[in-house]
Amino acid sequence: MSIVARTRIRDLYTRECYDKGVVFDRTDSLLEEFEYEGAIVSNPTSGLYKWCSLLDFSSLYPFVIINHNICYSIFIKRNSNQSYFIVQVFDKKSYMFAKEPLGLVPSLLRTLILKRKEVKIQSSTAIGIEKVVLERRQLPLKILANSVYGSYGTHNSSYLQFIEGTESTTTIGRSMLMYASSIISSRYLVQLVYGDTDSSLAVRISNEVSKEFLALVKLEFEAVFEIFFLIIKKRYIGLIAGERKMVYKGVVVSRRDSCIFFKHMYSSLVEMIMNSLPYEHIMEFVRAELLSIVRGHILLESLVITKTLGKEYFSASIPLLVYSNRLKDLGIEARLGDKLDFVFVKTKQEFKLQGYKMCLPHLVMPHNLEIDYLYYIKTHISNPIDQILQLLGQKSLVATCDKTSNIFPTCKIHV
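Residue numbers for the sequence shown follow my numbering, beginning at 196 and rising by one.
This is the structure in structure tokens:
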């Protein structure tokens with residue numbers, strides 16, 4: 196969040212306190228280990244569907260926090276004569292939040308949401324570079340608003356941590372999703388194939404369902420998909436009706452940390468399935484793509500993977516951290532937010548840590564290094580492809596590659 200929005204969540208809290216002239220005693224000890232029930236994600240009915248509608252709870256958690264005044268500044272620990280909201284987390288566990296005044300965090304969220312709404316209105320009438328600037332300005336505001344909830348569950352700061360708020364927010368979010376799902380399933384002749392606390396799928400416009408919730412929370416109509424390919428939780432692909440535009444959610448094509456070769460392979464495979472091509476044709480394509488990589492027919496730049504160096508890691512064995520430390524030995528200082536390019540190469544020793552197989556692309560040829568093709572397949576390609584092919588009845592690609600690895604020649608990559 197701090198990279199995209201150019202500010203830290205703690206700075207937002209501090210500024211809000213300063214503007215309101217208030218000081219909160221946040222001296223509670225930091226809980227390093229705690230458990231709570233998070234967002235609900237129903238088990239999807241994986242498969243290929245036609246004419247599917249997407250409904251989305253717009254900024255669900257921010258609105259839950261605002262509507263129920265979920266904030267440590269007005270958290271009621273004991274019985275009180277104040278008017279309050281009560282959130283039943285478990286049978287014998289509940290939390291209370293005063294209805295008035297509006298808490299620090301809800302007030303901050305309302306400011307961010309209203310500001311984003313204002314920017315989006317301006318963007319709707321703007322043209323040219325002004326429109327681009329406004330559209331990019333609203334994104335950090337959205338990220339900031341959605342990140343506030345996450346700060347409640349932080350392990351790093353007692354100043355921000357508010358476990359009661361985290362439990363209350365997710366409890367309300369889960370109940371809203373379950374209620375929305377029950378309404379859709381009982382009132383309409385549709386099949387609910389997937390749902391999480393951000394979205395649910397149906398074939399009716401969302402207005403009637405939205406009436407069941409508080410005024411600020413709306414189940415918005417997003418799109419109608421002519422073809423919808425549901426893979427696993429939080430991963431789906433859809434072709435928007437009328438626009439012939441593909442939407443990728445949580446899959447390889449939408450991720451920055453996948454190489455060009457694999458993105459092309461993945462999107463081509465999905466397109467074949469959506470166009471109902473014969474199974475034999477699809478499998479022949481997959482085999483051909485795998486052979487092209489192990490035979491070295493792929494340009495080096497098409498195998499480059501890019502990842503962003505994060506602020507901190509909980510384990511010294513994290514691949515990107517190991518890689519960045521190795522770069523220091525080469526005189527390259529990797530800083531927070533830097534995008535690091537690498538390819539996987541064969542090593543003389545067997546390293547357990549992936550970070551030792553990562554290499555700067557421009558060092559491959561001068562040092563006569565070999566690309567580790569099977570490693571690409573096993574760690575970068577196999578799982579996402581298997582998730583798709585298993586829906587077609589195909590077994591693991593890794594097992595196939597292991598059994599046939601003797602046919603893969605050792606060869607230098609073409610550049």
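Glycine is no exception: its CB is placed at the ideal position from the N, C-alpha and C atoms.
Values in this document were obtained by computation on a predicted structure and should not be read as measured data.
Is the beta carbon of Gly348 closer than 7 Å to that of Val259? Start at 1 with the first residue of the sequence shown, and residue 259 comes out as number 64. Start at 1 with the first residue of the sequence shown, and residue 348 comes out as number 153. Their beta carbons are not under 7 Å apart, which means Val259 does not touch Gly348 by this criterion.
Determine the direct distance from the alpha carbon of Thr366 to that of Pro514, and round the result to whole angstroms. For this step, residue 514 is matched to residue 319 along the sequence shown. For this step, residue 366 is matched to residue 171 along the sequence shown. Roughly 35 Å between the two C-alpha positions.
Let's test the definition: count the other Cβ atoms within 10 Å of the Cβ of Val447 and tell me whether it reaches 16, buried, or not, exposed. Here residue 447 refers to the residue found at position 252 when the sequence shown is read from its first residue. Buried, because 16 or more other Cβ atoms sit within 10 Å of the Cβ of Val447.
Asp206, buried or exposed, once every other Cβ within 10 Å from all chains shown has been counted against 16: Counted from its first residue, the sequence shown places residue 206 at position 11. It counts as exposed.
Around the C-beta of Glu475, are 16 or more other C-beta atoms found within 10 angstroms, so that it is buried, or is it exposed? Position 280 of the sequence shown, counted from the first residue, corresponds to residue 475. The residue in question, Glu475, is exposed, as its Cβ has fewer than 16 Cβ neighbours within 10 Å.
Report yes if the C-beta distance between Phe537 and Met560 is below 7 Å; otherwise report no. Numbered from 1 along the sequence shown, position 342 holds the residue referred to as residue 537. Numbered from 1 along the sequence shown, position 365 holds the residue referred to as residue 560. No, these two residues do not count as a Cβ contact at 7 Å.
Tell me which same chain residues have a C-beta within less than 8 Å of the C-beta of Gln386, skipping the five on either side of it? By one-based count along the sequence shown, residue 386 stands at place 191. Thr240.
If I measure Cβ to Cβ from Phe517 and keep anything under 7 Å in the same chain, skipping five residues before and after, which residues do I get? Here residue 517 refers to the residue found at position 322 when the sequence shown is read from its first residue. Looking at the sequence provided, one finds Val at residue 517 rather than Phe. Counting only Cβ-Cβ distances below 7 Å, and skipping sequence neighbours, we find Leu548, Gly550 and Tyr551.
Span of the alpha helix (DSSP H) holding Gln544? Here the question's residue 544 lines up with position 349 in the sequence shown. Premise fails: Gln544 is in no alpha helix (DSSP H) and is neither H nor E.
For Ser437 versus Phe423, is the C-beta distance shorter than 7 Å? The sequence position of residue 437 within the sequence shown is 242, counting from 1. The sequence position of residue 423 within the sequence shown is 228, counting from 1. The amino acid occupying residue 437 in the given sequence is Gly; Ser does not appear at that position. The answer is no: Cβ separation not under 7 Å.
I need the straight-line Cα distance from Arg521 to Ser471, nearest angstrom please. Here residue 521 corresponds to residue number 326 of the sequence shown, with the count starting at 1. Here residue 471 corresponds to residue number 276 of the sequence shown, with the count starting at 1. Distance between the alpha carbons of Arg521 and Ser471: 47 Å.
In three-state DSSP terms, what is Leu243? The count along the sequence shown starts at 1 and reaches residue 243 at position 48. It is a strand residue.
Beta-carbon gap between Leu304 and Val328 smaller than 7 Å: As a first step, residue 304 must be located in the sequence shown, where it is residue number 109. As a first step, residue 328 must be located in the sequence shown, where it is residue number 133. No. Outside cutoff.
State the start and end residues of the unbroken beta strand (DSSP E) segment that holds Val442. Within the sequence shown, residue 442 is the residue found at index 247, counting from 1. Residues Lys440 to Lys444.
So, are the CB atoms of Ser253 and Lys428 less than 7 Å apart? Residue mapping note: residue 253 aligns to position 58 of the sequence shown, counting from 1. Residue mapping note: residue 428 aligns to position 233 of the sequence shown, counting from 1. No.
According to the neighbour-count rule (16 or more other Cβ atoms, all chains shown, within 10 Å of its Cβ), is Met478 buried or exposed? Indexing the sequence shown from 1 puts residue 478 at position 283. Exposed, because fewer than 16 other Cβ atoms sit within 10 Å of the Cβ of Met478.
In terms of DSSP beta bridges, what is Val538 paired with? Residue numbering aside, residue 538 sits at position 343 when the sequence shown is read from its first letter. The partner list for Val538 (beta bridge, DSSP) reads Cys554.
Below 8 Å on the Cβ atoms is my contact criterion, and I expect Phe292 with Asn264 to pass it. Report the Cβ-Cβ distance as a whole number of Å. The residue labelled residue 292 in the question sits at position 97 within the sequence shown. The residue labelled residue 264 in the question sits at position 69 within the sequence shown. Contact flag correct, Cβ pair sits at about 5 Å.
Taking only beta-carbon atoms, is Arg331 less than 7 Å away from chain C? No chain C is present in this structure, which holds just one protein chain.
In the DSSP assignment, find the alpha helix (DSSP H) that holds Thr361 and state where it starts and stops. Along the sequence shown, read from residue 1 onward, the residue named residue 361 stands at position 166. Per DSSP, Thr361 belongs to the alpha helix (DSSP H) from Ile358 to Arg382.
Please specify which runs of the beta strand (DSSP E), each continuous and at least 3 residues long, are wholly inside the stretch 485 to 532, giving them in chain order. The qualifying runs are 500 to 503.
Figure out for me which residue from Tyr431, Gly216, Arg439 and Gly526 has the closest Cα to the Cα of Gly445. The sequence position of residue 445 within the sequence shown is 250, counting from 1. For the residues Tyr431, Gly216, Arg439 and Gly526, the minimum Cα distance to Gly445 belongs to Tyr431.
Measuring straight from C-alpha to C-alpha, what distance separates Lys315 and Leu309? Mapped onto the sequence shown, residue 315 falls at position 120. Mapped onto the sequence shown, residue 309 falls at position 114. Each residue's alpha carbon lies about 10 Å from the other.
Under the three-state reduction of DSSP, which class applies to Ile204: helix, strand or coil? One-based indexing of the sequence shown puts residue 204 at position 9. In this structure, Ile204 counts as helix in the three-state DSSP scheme.
Would Glu612 be called buried (16 or more neighbouring beta carbons within 10 Å of its own) or exposed? Residue numbering for the chain in the displayed model covers 196 to 610; residue 612 lies beyond these limits and cannot be assessed.
Do you know whose CA, among Ile281, Ile426 and Phe270, lies nearest Asn238's CA? One-based indexing of the sequence shown puts residue 238 at position 43. Of the candidates Ile281, Ile426 and Phe270, the one whose C-alpha sits nearest the C-alpha of Asn238 is Ile426.
Residue environment, Val217, which counts as buried when at least 16 other CB atoms sit within 10 Å: Residue 217 sits at position 22 when you count from the first residue of the sequence shown. With fewer than 16 Cβ atoms within 10 Å of its Cβ, Val217 is classed as exposed.
Taking the alpha carbon of Lys543 as the reference point, which residue from Pro579, Asp567 and Asn262 has its own alpha carbon closest? Position 348 of the sequence shown, counted from the start, is the residue given in the question as residue 543. The option with the nearest alpha carbon to Lys543 is Asp567.
Specify the secondary structure class of Leu339 as computed by DSSP and reduced to three states. Here residue 339 corresponds to residue number 144 of the sequence shown, with the count starting at 1. Reduced to three states, the DSSP call for Leu339 is helix.
For Val164 and Ser462, what's the separation of their Cα atoms in angstroms? In the structure displayed, the chain extends from 196 to 610; residue 164 sits before or after that span and is not available.
Determine the DSSP secondary structure at Gln277, reduced to helix, strand or coil. Counted from its first residue, the sequence shown places residue 277 at position 82. Gln277 falls in the coil class under three-state DSSP.
Taking all protein chains shown into account, do 16 or more other C-beta atoms lie within 10 angstroms of the C-beta of Gly242, making it buried, or fewer, making it exposed? Within the sequence shown, the letter at position 47 stands for residue 242. With fewer than 16 other Cβ atoms within 10 Å, it is exposed.
Where DSSP assigns a beta bridge to Lys288, which residues make up the other side? Here residue 288 corresponds to residue number 93 of the sequence shown, with the count starting at 1. According to DSSP, which records beta bridges pairwise, Lys288 is partnered with Phe285.
Taking only three categories from DSSP, how would you classify Arg451? As a position in the sequence shown, residue 451 is number 256, starting the count at 1. Of the three classes helix, strand and coil, the one that applies to Arg451 here is coil, per DSSP.
Does DSSP classify Val419 as helix, strand or coil? The residue given as residue 419 occupies position 224 in the sequence shown. Strand, per DSSP.
Among the residues of its own chain, which have a CB less than 8 Å from the CB of Gln582, if the five just before and after it don't count? As a working note, residue 582 is residue 387 in the sequence shown. Excluding positions up to five away in sequence, the list reads Ile426, Ile427 and Arg430.
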